[in-house]
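Quick notes on the structure that follows.
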Amino acid sequence: FNLHIQSIGFYRNEAGDNGVTNGSGAKVPDTFTKKEAESKRPLVLKFLLPVAKLLFSEQANRRRSAMNILREKRGLTRPKAILF
Numbered sequence: 001f002n003l004h005i006q007s008i009g010f011y012r013n014e015a016g017d018n019g020v021t022n023g024s025g026a027k028v029p030d031t032f033t034k035k036e037a038e039s040k041r042p043l044v045l046k047f048l049l050p051v052a053k054l055l056f057s058e059q060a061n062r063r064r065s066a067m068n069i070l071r072e073k074r075g076l077t078r079p080k081a082i083l084f
């Protein structure tokens, strides 16, 4: 989910804050766009996050669950379950 801080507003009572004010006069901190946030990630995370998404995604969990059902409940071997 995306936080919509700029449209909601950010309230702080400190003098000398730099930032944009919204329509009600409250200061809003500068936020990164999705592309800016991705470009500022450390190099290690740029390589590890796609791998982690493959291993721990909802699709991977469903695939693993389906394989377990085919092997345990239907008595198929792994190669037969893959071909199923």
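Numbering (our numbering) for the sequence shown: 1 to 84.
Ideal Cβ positions, reconstructed from N, Cα and C, are used throughout, including at glycine.
Residue i to residue j span [Cα, whole Å]
i	j	result
L45	L70	35 angstroms
T33	S39	10 angstroms
D17	K35	In this prediction, D17 scores a pLDDT of 49, lower than 50, which makes its location untrustworthy; the coordinate-derived value is nonetheless stated afterwards. Taking the straight line joining both Cα atoms gives about 26 angstroms.
A81	T31	48 angstroms
R41	A52	15 angstroms
F47	E58	20 angstroms
L76	L54	25 angstroms
Limits of the unbroken alpha helix (DSSP H) element including residue i
i	result
K80	R78 to L83
Closer than 8 angstroms: residue i CB and nearest the ligand ZN heavy atom
i	result
E58	No copy of the ligand ZN occurs in the structure displayed, which carries no ligand at all.
Among the options, the one whose alpha carbon lies nearest that of residue i
i	options	result
L83	K73, M67 and E72	M67
Handout entry: Secondary structure, alpha helix (DSSP H): runs of 4+ residues fully inside the segment 33-69
Key = 34-39 and 43-56
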